[in-house]
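See structure below.
There are 2 protein chains.
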Amino acid sequence: MEPHLLRTFVTVVHRRSFSAAAEELGYTQSAVSQQIAVLEADLGVALLRRRPVRPTPAGERLLEHAGPLLLRHRAARADVLRAAAGPAERLTVIASPLACTPAIARGLTANRSVATLRTVGRERVAERFASGAADLGLVDGIAAPSDPLRLPDVGTPARIGVAEEELVVVLPDRHPLARRRGLALADLADALWLRADVAVPVERLREIAGVGGFRVAFGYDGEDVHTVVNLAAAGHGLALLPASVAAGVPLTAPRVVHRVEALYGPSSDRAAALAAQLRQPPSSTPPGTSAAGS
Amino acid sequence: MEPHLLRTFVTVVHRRSFSAAAEELGYTQSAVSQQIAVLEADLGVALLRRRPVRPTPAGERLLEHAGPLLLRHRAARADVLRAAAGPAERLTVIASPLACTPAIARGLTANRSVATLRTVGRERVAERFASGAADLGLVDGIAAPSDPLRLPDVGTPARIGVAEEELVVVLPDRHPLARRRGLALADLADALWLRADVAVPVERLREIAGVGGFRVAFGYDGEDVHTVVNLAAAGHGLALLPASVAAGVPLTAPRVVHRVEALYGPSSDRAAALAAQLRQPPSSTPPGTSAAGS
DNA sequence: TCCTTCGATAAGAGATACTGATGCGCTGTG
DNA sequence: CACAGCGCATCAGTATCTCTTATCGAAGGA
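Chains as they are written, first to last, in UniProt numbering: chain A, 1 to 294; chain B, 1 to 294.
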């Protein structure tokens with residue numbers, strides 16, 4: 001179960017080929033074959049069926065663990081390295097698109113210690129932060145008010161909420177519901193939605209509404225929020241977005257908010273200071289640092 | 001960063017000695033010295049100060065990651081092995097003491113497929129389950145109604161809530177508050193409490209009350225809930241316990257409940273079935289399986 | 001000061017983990 | 001049905017790694 005064996009295993013499954021994995025990893029096919037054999041011998045279990053190459057049920061389980069395990073590995077390494085490098089002079093910030101609310105953007109530009117800002121998809125932020133690509137991570141998501149976001153576990157970076165905001169349903173002006181004062185998500189399950197992961201993924205809608213439905217009328221794969229707003233306004237489907245991004249009808253039920261959280265290494269004082277500074281005064285002190293506890 | 005190096009590192013820090021760690025792990029002192037040297041060379045960072053042996057700041061960070069990382073390692077291995085072993089004939093269940101509510105205990109005894117039940121401290125359940133010591137884990141804890149418990153991350157075992165119950169403050173009959181209909185936790189911050197991790201740890205009280213205080217009058221280190229009840233009734237300090245365990249005054253604020261969750265491997269159908277069966281009818285369907293999501 | 005303790009280092013034996021060559025079963029093709 | 005091509009397994013050989021034993025040297029206590 002050494003990390004390099006896991007990495008090889010993952011690659012083999014992904015490429016569905018020992019030889020292709022070998023090439024990708026810079027080994028010979030023989031080495032890959034032996035590595036898999038070692039892994040299987042170590043666990044005493046067949047992990048792969050050959051020809052065609054597919055994971056066995058046990059292999060599927062291992063596959064599911066391997067990703068997070070390797071991610072955590074990288075996170076640990078990055079964290080140690082950050083601690084050893086000492087406080088960063090200038091900070092690199094990585095954020096999901098919607099995490100850069102106007103106020104946060106202002107906070108970032110006002111702060112001379114920020115060197116670079118990079119945005120990536122919401123699911124990638126924690127991962128990229130963990131890999132050491134940035135000193136501060138900003139992720140957005142949907143949660144009950146003052147509840148922490150559910151993020152892939154990546155060790156114990158300090159984590160604080162920096163902003164919470166109302167959500168609105170964006171719909172075209174002529175839409176029958178456009179004049180409402182508020183909307184309940186469950187009532188919109190039968191409507192046609194925009195699939196746009198940069199806003200709120202459709203599966204997440206089902207999850208927070210607790211019902212199925214939410215058929216997709218149109219899919220948008222980019223990262224540009226503006227485009228999503230325009231598509232929604234043009235009637236390609238509904239979109240759920242934070243109020244500061246677009247005009248729309250407030251979401252009144254369930255009681256969820258758009259929340260932005262900052263991730264930073266416990267050893268980076270500058271990042272901690274910046275995170276604290278980004279924390280918006282209007283939002284009453286959101287819950288503090290997180291840690292695994294019973 | 002191979003697992004065995006991490007294990008050695010952790011042991012060295014823990015024992016504060018290379019030689020002692022070597023003995024504990026069955027290596028020579030020389031081997032341990034070399035392993036630490038390899039780890040430090042790999043990361044390019046000094047992890048330990050020698051004489052006396054103490055972690056550097058970078059070492060502290062690594063130490064914090066190493067535990068969860070190794071735990072996850074074991075969890076992955078155990079999960080793969082469980083998957084390979086096929087559905088268990090008879091199940092081993094591991095539970096924290098308070099997780100065995102009367103109804104759950106009944107469910108377990110009614111179920112002939114259960115072979116063994118073992119209880120361990122609340123913090124150990126997830127860990128022991130992850131290590132493959134049991135097919136089903138039952139953990140209790142305090143949470144907002146229908147919120148999942150916060151458990152150490154251990155991969156993606158399926159997780160369902162099986163019971164939720166009101167909490168009561170146990171106090172002696174002659175206590176001035178004993179006749180109240182309900183109590184707010186924050187109002188009890190100045191009272192003297194029983195430190196008994198088998199009930200609710202004092203730190204957790206501070207956490208959910210959101211205030212300090214909760215001074216400890218008396219400490220109990222065992223695992224026996226009955227003793228805690230007796231101690232509380234005898235006036236050694238207050239205790240917060242699920243209503244089914246002891247008579248007491250219901251906790252009315254904050255709105256938290258005693259919750260029991262079942263952990264089981266995704267590949268163990270028997271365990272899943274048992275978990276579903278333990279699920280108590282009175283509690284309206286608590287939120288389902290968990291997984292890391294954005 | 002001397003002795004003990006404890007970690008670092010050197011040297012060598014054994015285990016491990018690669019490469020390159022070859023074997024062998026499957027699959028597709030004529 | 002035979003055969004070629006593909007792809008994983010296996011074998012042999014070598015380089016590397018990871019231990020052990022032996023020894024050194026610095027720090028701390030008597």
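The beta-carbon is built from N, C-alpha and C at its ideal position, and this holds for glycine as well.
Quick caveat: nothing in here was measured; it's all calculated off a predicted structure.
Short CB-CB distance (under 7 angstroms) between residue i and chain B
i         : result
PRO57(A)  : yes
LEU62(A)  : yes
LEU278(A) : no
VAL80(A)  : yes
HIS14(A)  : no
LEU39(A)  : no
HIS65(A)  : yes
LEU194(A) : no
ALA246(A) : no
THR8(A)   : no
LEU69(A)  : yes
GLU127(A) : no
GLY293(A) : Residue placement at GLY293(A) is poorly supported in this model, since its pLDDT is 33, which falls under 50; the coordinates still yield a value, given next. Judged by the 7 angstroms Cβ criterion, GLY293(A) is in contact with chain B.
Spatially closest choice to residue i from the options, by CA coordinates
i              : options                                      : result
ALA273(A)      : GLY210(A), GLY107(A) and ALA209(A)           : GLY107(A)
GLN34(A)       : ALA99(A), ALA78(A) and PHE9(A)               : PHE9(A)
ILE142(B)      : ALA105(B), GLU261(B), ALA184(B) and LEU62(B) : GLU261(B)
MET1(A)        : VAL45(A), VAL114(A), ARG15(A) and HIS14(A)   : VAL45(A)
SER244(B)      : SER96(B), ASP224(B), ASP187(B) and VAL168(B) : VAL168(B)
ALA246(B)      : THR227(B), ARG255(B) and LEU263(B)           : THR227(B)
GLU166(A)      : ARG179(A), ASP221(A) and ASP140(A)           : ASP140(A)
ASP42(B)       : PRO52(B), ALA232(B), LEU62(B) and VAL53(B)   : LEU62(B)
residue 297(A) : GLN277(A), SER268(A), GLU24(A) and ARG179(A) : Here chain A has residues from 1 to 294 only, and residue 297(A) is not among them.
HIS258(A)      : GLU23(A), PRO145(A) and ARG50(A)             : PRO145(A)
VAL202(B)      : ASP224(B), ALA191(B) and VAL216(B)           : VAL216(B)
ASP197(B)      : GLY222(B), VAL211(B) and ASP147(B)           : GLY222(B)
GLU123(A)      : ASN111(A), ASP153(A) and PRO242(A)           : ASP153(A)
GLY86(B)       : SER267(A), THR56(A) and ALA110(A)            : THR56(A)
HIS175(B)      : ARG255(B), PRO157(B) and ALA234(B)           : ALA234(B)
Test: residue i CB closer than 7 angstroms to a CB of chain A
i         : result
ARG72(B)  : yes
LEU136(B) : no
GLU165(B) : no
ASP153(B) : yes
ALA76(B)  : yes
LEU240(B) : no
GLU223(B) : no
GLU2(B)   : yes
Beta-carbon proximity check, residue i vs residue j, cutoff 7 angstroms
i         : j         : result
THR11(A)  : ALA21(A)  : yes
ALA239(B) : LEU194(B) : yes
ALA209(B) : LEU183(B) : no
ARG270(A) : SER19(A)  : no
LEU136(B) : LEU91(B)  : yes
LEU151(B) : ALA133(B) : no
ALA83(A)  : SER131(A) : no
LEU263(A) : PHE129(A) : yes
VAL80(B)  : LEU117(B) : no
LEU47(B)  : ALA37(B)  : no
ALA76(A)  : LEU39(B)  : no
ALA189(B) : PHE214(B) : yes
Buried versus exposed call for residue i [16 or more other C-beta atoms within 10 Å across all chains shown]
i         : result
SER96(A)  : buried
SER30(A)  : exposed
GLU164(A) : buried
LEU177(A) : exposed
PRO52(B)  : exposed
PRO172(A) : exposed
HIS14(A)  : exposed
LEU6(B)   : buried
GLY155(A) : buried
PRO102(A) : exposed
ARG54(B)  : exposed
LEU73(B)  : Residue 73(B) is actually His in this sequence, not Leu. So HIS73(B) counts as buried.
HIS65(A)  : buried
ARG159(B) : buried
HIS236(A) : buried
Cβ-heavy atom distance, residue i to the ligand ZN, below 6 angstroms
i         : result
GLY141(A) : Among the components modelled here there is no ligand, and therefore nothing to report on the ligand ZN.
If you measure beta-carbon to beta-carbon, which residues of the segment 82 to 109 of chain A are closer than 7 angstroms to chain B? ALA83 and ALA84
Interfacial residues, the segment 18 to 45 of chain A to chain B, with Cβ spacing under 7 angstroms: LEU43 and VAL45
Scan the segment 266 to 277 of chain A for residues whose Cβ lies nearer than 8 angstroms to a Cβ of chain B and list them as they occur along the chain. PRO266 and SER267
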